[in-house]
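Take a look at the structure set out below.
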Amino acid sequence: MPTAASGRSVAQYRRQMENAEFEQLSAQLPIARAISGQHIDKTSVVRLASTFMRLSRAVAGLWEASKADPVQRHWNSQLLEILDGFLLCLSSGGDILYVSETISIHLGLSQVEMTGNSIYEYFHPSDGYNLRHTLEASVTGEPRLSVFRMRSTLTKRASKENPRSTSGFKTVKMDFVKRGTEQTFLCFCQPLFQSSASTIRLDNHAFLISTEINFSIRYVDVRGENYLGIMPGELTEKNLYHLVHPDDISRLTQLHVELFQFGASSTTFCRLVFLANAVMGRRSFYAEITGNRYPSQQNGKYVNDGFNFIVRPCN
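Taking our numbering, the leading residue of the sequence shown gets 14, the next gets one more, and so forth.
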């Protein structure tokens, strides 16, 4: 008959085998090695493994998509931007199938804790309805740009540069694409800037426009004046709406509304027009406009609000 000692030996052996299986499963998870090398509890391992199995089915065949596919070209054009953002893969119900580890850099959130949970837990309560509408209204293969506020541990208090920013949340530009029969969503996410004009960093192809809250232009930088082919100060007191093609006014109007709602926002590509003569044979050009609301200061006191816009022409 088995003794108590032998029973304990069997139980110990079983635990060792079980721990070895969990360690092996943890090592196979597609998460950062610095994370998988640490201790992860068994419940989290099971949750992550089952979620990544759903992810595998959702993205099957994705990378074999034709390069001629316009959606594929759109995503390829965003690959550099994701270096300054993070990637999400969502189920049709909003469950997080995958989130890149870079979310910890931008929002201070944990890849391990988020995976398998609902994305709604990390959104501002006022934005949940709009997210649900965005997911339900998306058409397979058609990119859809939206702006939301996501929870962030890096913004416990309102920014000293922008006291109107929402405490505990960051405004994030989210570029959705609905894919495949699994009805899943891939999403490039990029936090939007919320700082003064003096601290905004521009790339070599962008220029800055500052306006009043009614979009009356009060400043265009030298690069913008050169690109638009105008003289210094020529756009002062004109309105940003005058620069946008009439067919794209609705996009600028949406940007205007979201700047008051979120404090920062971004448009899909819209056409800007040259107010004077055509430049290099063109009367208009496509550009992406990203803006933020910023309170102006005078003698250390806030006097009125304005908007800063980064304009990136699509050459």
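Ideal placement from N, C-alpha and C gives every residue a C-beta, glycine not left out.
Item to check | residue 231, enclosing beta strand (DSSP E) - first and last residue | outcome: From DSSP, the beta strand (DSSP E) with residue 231 extends over 230-233.
Item to check | Collapsed DSSP secondary structure at residue 108 in the structure displayed | outcome: Residue state, collapsed to three classes: strand.
Item to check | Euclidean distance between Cα positions of residue 181 and residue 167 | outcome: Our two residues, residue 181 and residue 167, have alpha carbons roughly 7 Å apart in a direct line.
Item to check | Option nearest residue 246 by Cα separation, candidates 258, 235, 320 and 254 | outcome: When only C-alpha atoms are compared, the closest one is 235.
Item to check | Per DSSP, the bridge partner or partners of residue 97 | outcome: Looking at the DSSP output, residue 97 bridges to nothing.
Checklist entry - Straight-line CA distance for residue 262 to residue 217? => result Rounded to the nearest angstrom, the two C-alpha atoms are 27 Å apart.
Next on the checklist: Just to confirm my understanding: we take residue 137, look at its own chain, exclude 5 residues before and 5 after, and list those with CB closer than 6 Å. What are they?
Outcome noted: Only 162 and 182 meet the Cβ criterion.
Checklist entry - Closest by CA to residue 249, which one among 257, 230 and 265? => result Nearest of 257, 230 and 265 to residue 249, Cα basis: 230.
Checklist entry - Among residues of its own chain, excluding the 5 on either side of residue 281, which ones have a beta-carbon nearer than 7 Å to its beta-carbon? => result 158 and 264, listed in sequence order.
Checklist entry - For residue 306, does the count of other Cβ atoms within 10 angstroms reach 16, so buried, or fall short, so exposed? => result By the neighbour-count rule (16 or more Cβ atoms within 10 Å), residue 306 is buried.
Item to check | Selected residue, minimal CA-CA separation from residue 337, among 141, 28, 320 and 24 | outcome: An answer regarding residue 337 cannot be provided, because it is not within the stretch 14 to 328 covered by the chain.
Checklist entry - Given a threshold of 16 other Cβ atoms within 10 Å of its Cβ, counted over all protein chains shown, does residue 240 qualify as buried or as exposed? => result Around the beta carbon of residue 240, 16 or more other beta carbons lie within 10 angstroms, which makes this residue buried.
Checklist entry - In whole angstroms, what separates the C-alpha of residue 110 from that of residue 102? => result Straight-line Cα distance between these residues: approximately 5 Å.
Next on the checklist: Considering only their Cβ atoms, is the gap separating residue 204 from residue 269 smaller than 9 Å?
Outcome noted: Not closer than 9 Å, so no.
Next on the checklist: Measuring CB atoms only, is the segment 187-202 touching the segment 222-229, in the sense that at least three cross pairs come out at less than 8 Å?
Outcome noted: The segment 187-202 is not in contact with the segment 222-229.
Item to check | Alpha-carbon spacing of residue 327 relative to residue 266, whole angstroms | outcome: Spanning the alpha carbons of residue 327 and residue 266 requires a straight line of approximately 20 Å.
Next on the checklist: Using only the alpha-carbon positions, how far apart do residue 87 and residue 154 sit?
Outcome noted: Interpretation of residue 87 is limited by its pLDDT of 49, a score under 50 that renders its predicted location unreliable; the figure taken from the coordinates is listed afterwards. Take the alpha-carbon of residue 87 and the one of residue 154: they are about 11 Å apart.
Next on the checklist: Just to confirm the assignment, what range does the beta strand (DSSP E) spanning residue 214 have?
Outcome noted: Taken as a continuous stretch (DSSP letters only), residue 214 belongs to no beta strand (DSSP E), as it is neither H nor E.
Checklist entry - What does DSSP give as the partner residues of residue 103 in its beta bridges? => result Answer is 109 and 198, bridged to residue 103.
Next on the checklist: So residue 402 and residue 59 are supposed to be a Cβ contact under 8 Å. How far apart are they, rounded?
Outcome noted: Residue 402 lies beyond the range of the chain shown here (14 to 328); nothing can be said about it.
Next on the checklist: On the DSSP bridge list, what partners appear for residue 224?
Outcome noted: The partner list for residue 224 (beta bridge, DSSP) reads 230 and 320.
Checklist entry - Quick one: is residue 56 buried, meaning 16 or more other Cβ sit within 10 Å of its Cβ, or exposed? => result Residue environment for residue 56: exposed (fewer than 16 other C-beta atoms within 10 angstroms of its C-beta).
Item to check | Exposure of residue 41, with buried meaning 16 or more beta-carbon neighbours within 10 Å | outcome: Here residue 41 is exposed. Its C-beta has fewer than 16 other C-beta atoms within 10 Å.
Item to check | Buried/exposed call for residue 34, threshold 16 Cβ in 10 Å | outcome: By the Cβ-count criterion, residue 34 is exposed, with fewer than 16 other Cβ atoms from all chains shown falling within 10 Å of its own Cβ.
Checklist entry - Going by other Cβ atoms of all chains shown within 10 Å of its Cβ, with 16 needed for buried, is residue 135 buried or exposed? => result The residue is buried, with at least 16 neighbouring Cβ atoms inside 10 Å.
Next on the checklist: Whole angstroms are fine: how far does the CA of residue 28 sit from the CA of residue 143?
Outcome noted: Near 47 Å, if we compare the C-alpha coordinates of residue 28 and residue 143.
Item to check | Span of the alpha helix (DSSP H) around residue 158 | outcome: Where residue 158 is concerned, there is no enclosing alpha helix (DSSP H), although the beta strand (DSSP E) it sits in stretches over 157-164.
Item to check | Separation of residue 129 from residue 64, as counted between CA atoms | outcome: Going from the Cα of residue 64 to the Cα of residue 129 covers about 6 Å.
Checklist entry - Grouping DSSP H, G and I as helix and E and B as strand, with all else coil, what is residue 129? => result Three-state result, residue 129: coil.
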